[in-house]
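Per the working numbering, numbering of the sequence shown is gapless, rising by one per residue and ending at 143. Ideal Cβ placement from N, Cα and C applies to all residues, glycine included. A short write-up of the structure that comes next.
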Amino acid sequence: MSSTHKTFQTGEILSADDVNNALNPDTADHIARAIAAGVTTITTNSSPGTVQAVTVPLPSGRFSKPPIVVTSVATAAGGTGKIISRGYDTTLTTTKICLFMGDGQNLPSSQSVPVSWIAIQMDA
């Protein structure tokens with residue numbers, strides 16, 4: 020796609036061309052078509068060692084194709100362990116987010132781990 024890019028100056032008044040082209044995801048490939056973000060909490064179970072997952076709802080009607088989901092563990096629950104989060108099995112209306120340990124150790128048991136997430140659809 021040929022893309023319209025513009026650098027806006029402080030105090031500049033937007034022209035019709037700016038709104039119709041530079042801020043339009045059909046003509047500016049750097050503008051997201053849809054975005055959603057949030058935080059979910061995953062509580063690890065009492066028998067550590069398994070991957071823990073939750074299904075997170077996405078806003079109804081927001082996405083026209085499954086978005087890319089990026090996750091981040093919001094705090095270091097469980098001490099110094101390397102807890103990793105990831106999104107997977109994403110559809111138009113849900114995504115699954117899971118936790119696992121990056122160093123091969125068990126997840127800490129009975130911990131509430133907040134996970135931040137953002138879902139982005141860049142193209143039609």
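Length of the line joining the Cα atoms of residue i and residue j
{"i": "THR74", "j": "THR113", "result": "7 Å"}
{"i": "ILE103", "j": "MET120", "result": "6 Å"}
{"i": "PRO210", "j": "VAL88", "result": "Residue 210 cannot be examined here, being either before or after the span of the chain that is shown, 20 to 143."}
{"i": "GLN71", "j": "ASP108", "result": "14 Å"}
{"i": "GLU31", "j": "LYS101", "result": "46 Å"}
Of the residues the options, the one placed nearest residue i, counting alpha carbons only
{"i": "GLN140", "options": "ASN40, LYS84, ASN43", "result": "LYS84"}
{"i": "SER131", "options": "HIS24, LEU42, SER34, CYS117", "result": "CYS117"}
{"i": "ALA138", "options": "ALA47, ALA51, THR69, PHE27", "result": "ALA51"}
Three-state secondary structure assigned by DSSP to residue i
{"i": "ALA138", "result": "strand"}
{"i": "VAL38", "result": "helix"}
Inter-residue CB distance, residue i and residue j (contact presumed, cutoff 8 Å)
{"i": "GLY144", "j": "THR90", "result": "It is not possible to answer for residue 144, since the shown part of the chain is limited to 20 through 143."}
{"i": "SER128", "j": "VAL58", "result": "With a Cβ gap of about 22 Å, SER128 and VAL58 do not count as contacting."}
Environment of residue i [buried if 16+ CB atoms lie within 10 Å]
{"i": "THR63", "result": "buried"}
{"i": "ALA41", "result": "buried"}
{"i": "PRO86", "result": "buried"}
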